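Input: a single structure, listed below in structure tokens.
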Amino acid sequence: MTDQIRVDSLSKTYVLHTQGGIEIPVFADAALSVASGECVTLHGPSGAGKSTLLRCLYGNCKPDSGAIHVSHGEGTVDIASAPPRVVMEVRRRTLGYVSQFLRAIPRVPALDVVAEPLRALGVPVETAQARAGELLARLRIPERLWSLAPATFSGGEQQRVNIARGFAARHPILLLDEPTASLDARNRAVVIELIAEAKAAGTALVGVFHDDEVREAVSTRVHTMQG
Ligand SMILES: Nc1ncnc2c1ncn2[C@@H]1O[C@H](COP(=O)(O)OP(=O)(O)O)[C@@H](O)[C@H]1O
Ligand SMILES: [Mg+2]
39 MTDQIRVDSL SKTYVLHTQG GIEIPVFADA ALSVASGECV TLHGPSGAGK STLLRCLYGN
99 CKPDSGAIHV SHGEGTVDIA SAPPRVVMEV RRRTLGYVSQ FLRAIPRVPA LDVVAEPLRA
159 LGVPVETAQA RAGELLARLR IPERLWSLAP ATFSGGEQQR VNIARGFAAR HPILLLDEPT
219 ASLDARNRAV VIELIAEAKA AGTALVGVFH DDEVREAVST RVHTMQG
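Per our numbering, the very first residue in the sequence shown carries number 39; after that it's consecutive.
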């Protein structure tokens with residue numbers, strides 16, 4: 039097993055500049071390694087910094103110190119210090135992310151929202167849309183919705199589009215922030231299956247799951263955060 043992610047002494051404190059510079063320490067000296075085929079779950083109370091850590095791993099949140107080594111192609115990139123252009127390239131080829139909420143792009147049909155990460159890798163449109171359709175069908179998004187923009191979808195439907203998009207390109211690393219929070223039991227079971235398949239294919243996953251059943255089903259290891 040080789041580490042796909044290695045976090046070294048990562049620290050993050052938010053500073054509220056609009057509120058007199060109040061400081062909110064989130065984590066200090068955090069360490070975490072995730073190997074190919076593992077699903078490490080971040081567990082801890084609300085406010086413990088789970089989403090902040092995932093955002094740092096994705097390059098959406100700048101840590102104050104420490105490093106986030108990510109296996110990328112033949113080499114390694116430190117997401118904490120890489121320039122935006124490199125972070126974008128790591129996201130395209132290596133790093134997938136299912137955020138808590140879908141940021142729907144106006145007028146883009148659900149099928150294309152899901153196919154887009156594959157199109158960005160140069161996959162032909164028919165192949166990309168076929169994979170997108172397969173995922174949308176598994177996640178029970180009715181076919182009549184595939185040509186519509188997700189902006190008007192229900193919360194649960196948007197979240198399923200978001201999940202389909204995250205799994206579409208089979209990135210070597212996948213970050214999941216409470217992907218099952220607004221799903222019913224049947225759709226939760228599909229997400230558990232998708233995660234199992236990704237692990238079997240060698241994906242390294244880091245996830246936050248609010249429900250114990252999902253966490254127990256998918257975790258190879260639990261990383262506790264106290265806040
Ligand atoms: N953008 C932000 N600016 C300031 N404080 C934030 C920001 N995002 C999160 N926080 C604070 O950081 C702490 C950790 O938040 P978060 O990472 O969302 O925790 P979790 O996902 O474990 O619930 C919380 O106290 C939260 O209020
Ligand atoms: Mg969170």
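By construction, the Cβ of each residue, glycine as well, lies at the ideal position given by its N, Cα and C atoms.
All values derive from a computational prediction rather than experimental measurement.
| Quick one: is the Cβ of K88 within less than 6 angstroms of any heavy atom of ligand 2? | yes
| T114: first and last residue of the uninterrupted alpha helix (DSSP H) it sits in | Unbroken run through T114 is the beta strand (DSSP E), 113 to 116; no alpha helix (DSSP H).
| field | C-alpha distance - I117 paired with G85, whole-angstrom precision | value | 23 angstroms
| said: At a threshold of 6 angstroms, does S84 count as lining ligand 1 (C-beta to nearest heavy atom)? | reply: yes
| task | Run the proximity test for V64: is its beta-carbon closer than 6 angstroms to any non-hydrogen atom belonging to ligand 1? | result | yes
| query | Since P63 is in the beta strand (DSSP E), which residue starts that stretch and which ends it? | reply | 60 to 73
| request: Determine, using beta carbons only, whether H209 and T132 come nearer to each other than 7 angstroms. | output: yes
| field | Cutoff 6 angstroms; reference R176; Cβ partners in own chain excluding five residues on either side | value | V228
| Which value, in whole angstroms, describes the spacing of the CA atoms of A120 and G59? | 27 angstroms
| query | Would DSSP call G171 helix, strand or coil? | reply | helix
| With 16 other CB atoms within 10 Å as the buried threshold, where does H248 fall? | exposed
| With respect to 6 angstroms, is the separation between the Cβ of Y52 and the closest non-hydrogen atom of ligand 1 below this value? | yes
| task | State the Cα-Cα distance for the pair L213 and L80, rounded to the nearest angstrom. | result | 11 angstroms
| field | Bridge-paired residues (DSSP) for I43 | value | V72, V108
| query | Going by alpha carbons, who is nearest to D215 out of N200, A142, A153? | reply | N200
| task | Decide if P188 is buried, meaning its Cβ has at least 16 other Cβ atoms within 10 Å, or exposed. | result | buried
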